[in-house]
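I have placed the structure first, in the form of structure tokens, so that the comments after it can refer back to it.
Numbering (my numbering), first residue to last: 802 to 1149.
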């Protein structure tokens, strides 16, 4: 079997040794960006069963179809032991396969503005509006800032990647406020379900909270939370990961509640250290007059919202970014729909 190479490294070698020599003097930029576990650094040998292999993004301004045809005819049929031909042709999901004819390669050829518009729903070269930030899924930002750039003579790719590296301060406050609000809405529910004798419900609710706490931790760390398959893989080892593991594996309600509260106390302390809003006591407390322990996520939501300097953003409902509005995959992978839903969530 061919020894596994991380996909981004394979793409770098593929560009340098196989694709670049076929381009001559044609102006271009090259990178491995966009969808794929390799772009996020999570690919393994299992990833080779679909949408993985010698592939990259080639950005040109003057392609009329001749470049793709040239690559199909002149690229080697294999590279470093991996097929450069993918089947079925034109399908949404493709797999490396042998061929005796021209290769149906996985080199995406487009102008960079067009590629951005297809992936994001807008061209970020001229900057982003608050609406652009909120209507773009975190996964899309992760795919644009992840991976690697191999050739960028005009530095356009690099400048855009740096621009979308992270939210401006007020938008960061707003998204964090919305995330704390999501936690506040359900943090007493696991204890209530357990009290009612619904152990399965308590476990499901605890898992939902663990997901929101993991996303909060990544947002606080200025890291784009990836979609569900890779969310917990993206969470770095440390106190938050330990306490979420304890909450997910707890077999009794008190242990589960303590683990969730401890994870939230860690998040609250981290929030205070960011200096984005006035500090709040990072300790658990009873939920009103019921004997359930919570952090009171709404305290942080309100504090962050009050610290926003943009009056329009401060007045916006705490629906948050598109990822905080919905987790529907079909919607999140359709930029025009993301933008329409985000606009509707802002209210009249």
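Where a beta carbon is used, it is the ideal one built from N, C-alpha and C, also for glycine.
Annotated three-state conformation of residue 1084 is coil, per DSSP. The C-beta distance from residue 1066 to residue 992 rounds to 16 Å, too long to fall under 8 Å, and the pair is not in contact. Residue pairing by DSSP places residue 1126 opposite no residue, since no beta bridge is assigned to it. In this structure, residue 934 places its C-beta atom within 9 Å of the C-beta atom of residue 1122.
DSSP places residue 1008 in the uninterrupted alpha helix (DSSP H) bounded by 1000-1021. Contact annotation: the region 948-957 does not touch the region 1023-1031, with fewer than three C-beta pairs closer than 8 Å. Within the region 1041-1095, the runs of beta strand (DSSP E) at least 3 residues long that lie entirely inside it are, in chain order, 1086-1088 and 1091-1095. Under a 10 Å Cβ-count criterion, residue 893 is classified as exposed, with fewer than 16 other Cβ atoms of the shown protein chains found around its own Cβ. Contact annotation: residue 1036 and residue 1015 have beta-carbon atoms nearer than 9 Å. Ranked by Cα distance from residue 855, the first of 811, 1120, 1094 and 839 is 811. Inter-segment contact for the region 882-902 and the region 914-921 is absent: fewer than three beta-carbon pairs are separated by less than 8 Å. Between residue 1125 and residue 1075, the beta carbon gap of about 18 Å keeps them out of contact (Cβ cut-off 8 Å).
Per DSSP, residue 858 is one residue of the beta strand (DSSP E) stretching across 856-860. Annotation for residue 908: 820, 856, 857, 859 and 872 place their beta carbon closer than 7 Å to its own, counting only its chain and skipping 5 residues before and after. Taking 9 Å as the cut-off, the Cβ atoms of residue 807 and residue 835 do not count as close. In the three-state reduction of the DSSP assignment, residue 830 falls in the strand class. The continuous alpha helix (DSSP H) containing residue 990 extends over residues 990-996.
In this structure, the alpha-carbon of residue 994 lies about 14 Å from that of residue 1056.
Taking a contact as a CB-CB distance under 8 Å, the pair residue 805 and residue 880 does not count as one, their CB atoms being some 14 Å apart. Check the Cα spacing between residue 884 and each of 954, 852, 1018 and 869: the tightest is with 852.
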